[in-house]
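Engineer: Last residue of the sequence shown: 233 in UniProt numbering, with the numbers rising by one and none dropped. Built from N, CA and C at the ideal position, the CB exists for glycine as well. On a predicted model such as this, the values are computed, not experimentally measured, just so you know.
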Amino acid sequence: MKVYRTSDVAKIIGVHNNTILAYEKSGYISKVERSKNGYRIYTDKHIEQIKLARLVLKNDIVKVYMIFKVREILKTIARNELDIALDLSKKFLLQIQVEKANEFILIKEIKELIKFHIDENKKISLKRSEVSKEIGVSMDVIINWERNGLLEVPRNNKNNYRIYSEHEVILLKTIKLIRKENYSTQCIGKMIRKIEANNFEFLHRENELLSPIGDRQKDMENLICQLNKMKED
1 MKVYRTSDVA
11 KIIGVHNNTI
21 LAYEKSGYIS
31 KVERSKNGYR
41 IYTDKHIEQI
51 KLARLVLKND
61 IVKVYMIFKV
71 REILKTIARN
81 ELDIALDLSK
91 KFLLQIQVEK
101 ANEFILIKEI
111 KELIKFHIDE
121 NKKISLKRSE
131 VSKEIGVSMD
141 VIINWERNGL
151 LEVPRNNKNN
161 YRIYSEHEVI
171 LLKTIKLIRK
181 ENYSTQCIGK
191 MIRKIEANNF
201 EFLHRENELL
211 SPIGDRQKDM
221 ENLICQLNKM
231 KED
């Protein structure tokens, strides 16, 4: 049986040594034995498990609960409970497919919201307290969204106060819609930037997702395929 050191595995996978150690600590791979001099001893099985972990962890988190699902599957694989891991993966894939369908519904709502505001073509300049009432969320919530980088608000050159125009109102209402669907903060930020790019060019695109949920679906389909192969070996 061929064995490897941490540096060997890291080189094969194409990651830093610390990533391999982190996967071990997180329980994503089977127990790693040690040699008499204390070096970790990895096998081909460990390399296979690490490749699976890389497969499902490489993309951004779409919704917070998804990372817990992925962790559960990886830990089950590490325990060599492949039947359970396969069952969990198939159930998770079905969830992802539902989330994908729901996102298309959300996109339709977002487009309707944006078109409504564009058609109205209002010229407004609101303070944070005023926009808070307009959006229907507290000022603290808006401050939190800004601090998390979900949007940048221009300031008045004279008093340095933030000025919320129709553009910011559209983005805030869009963030509120997306937040209801429990997307991760990082994912929301990228979705918002995609929405507002090139003066809301997104409005004219059909059948295009905002989040990487489609990539997550492909990852799980690939994982299921790999698990089936592992069961056959």
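Glu232 lies in the alpha helix (DSSP H); which residues open and close that run?
Structural biologist: Membership of Glu232 in the alpha helix (DSSP H) is indicated by the continuous run Ile213 to Glu232.
Engineer: How about the stretch 190 to 209 and the stretch 41 to 58: do they share at least three Cβ pairs that are nearer than 8 Å?
Structural biologist: no
Engineer: Do you know how far the Cα of Tyr23 is from the Cα of Val218?
Structural biologist: The question names Val, yet the displayed sequence has Lys at residue 218. Taking the straight line from one Cα to the other gives about 22 Å.
Engineer: Do you know how far the Cα of Asp83 is from the Cα of Asn149?
Structural biologist: Note that residue 149 corresponds to Gly in the displayed sequence, not to Asn. Computed Cα separation, rounded: 42 Å.
Engineer: Rank Ile73, Glu181 and Ala101 by C-alpha distance to the C-alpha of Gly27 and give the top, closest one.
Structural biologist: Ile73
Engineer: Between the C-alpha atoms of Ile118 and Arg147, what's the straight-line distance to the nearest angstrom?
Structural biologist: 26 Å
Engineer: Can you grab the Cα-Cα spacing for the pair Gln97 / Lys115, in whole Å?
Structural biologist: Approximately 27 Å, taken between the alpha carbons.
Engineer: Using the rule of at least 16 other Cβ atoms within 10 Å of the residue's Cβ for burial, across every protein chain shown, is Lys11 buried or exposed?
Structural biologist: exposed
Engineer: Got a sec? Which residues, its chain only, sit under 8 Å from Gln186 by beta carbon, not counting five neighbours each side?
Structural biologist: The answer, listed in chain order, is Asp60 and Ile61.
Engineer: Out of Leu52, Gln95 and Ala53, point me to the one whose CA is closest to Met66's CA.
Structural biologist: Gln95
Engineer: Using alpha carbons as the reference points, say which of Val32, Lys25 and Val15 lies closest to Val3.
Structural biologist: Val32
Engineer: In the DSSP assignment, find the alpha helix (DSSP H) that holds Gly14 and state where it starts and stops.
Structural biologist: Neither: Gly14 is in no alpha helix (DSSP H) and is coded neither H nor E.
Engineer: Is there a Cβ from chain B that is less than 9 Å from the Cβ of Lys108?
Structural biologist: Protein chain content of the structure displayed is limited to a single chain, and chain B is not contained in it.
Engineer: Does DSSP put Arg205 in a helix, in a strand, or in coil?
Structural biologist: coil
Engineer: Are the stretch 106 to 113 and the stretch 132 to 140 in contact at 8 Å, needing three or more beta carbon pairs?
Structural biologist: no
Engineer: For Glu99, report the span of its alpha helix (DSSP H) as first-last.
Structural biologist: Leu82 to Glu120
Engineer: Going by beta carbon distance, what residues of the same chain come within less than 7 Å of Ser89, once the five residues before and after it are set aside?
Structural biologist: If we look at Ser89 and ignore the five residues flanking it on each side, its Cβ neighbours are Ile73, Met220, Leu223, Ile224 and Leu227.
Engineer: One question on the structure: do Lys194 and Glu166 come within less than 9 Å of each other, judged by their Cβ atoms?
Structural biologist: Cβ distance not < 9 Å, so Lys194 and Glu166 don't count as in contact.
Engineer: With Ile29 and Ile13 assumed to form a contact (beta carbons below 8 Å), what rounded beta-carbon distance in angstroms separates them?
Structural biologist: 11 Å between Cβ atoms; not a contact.
Engineer: If you run the structure through DSSP and keep just helix, strand and coil, what is Glu24?
Structural biologist: helix
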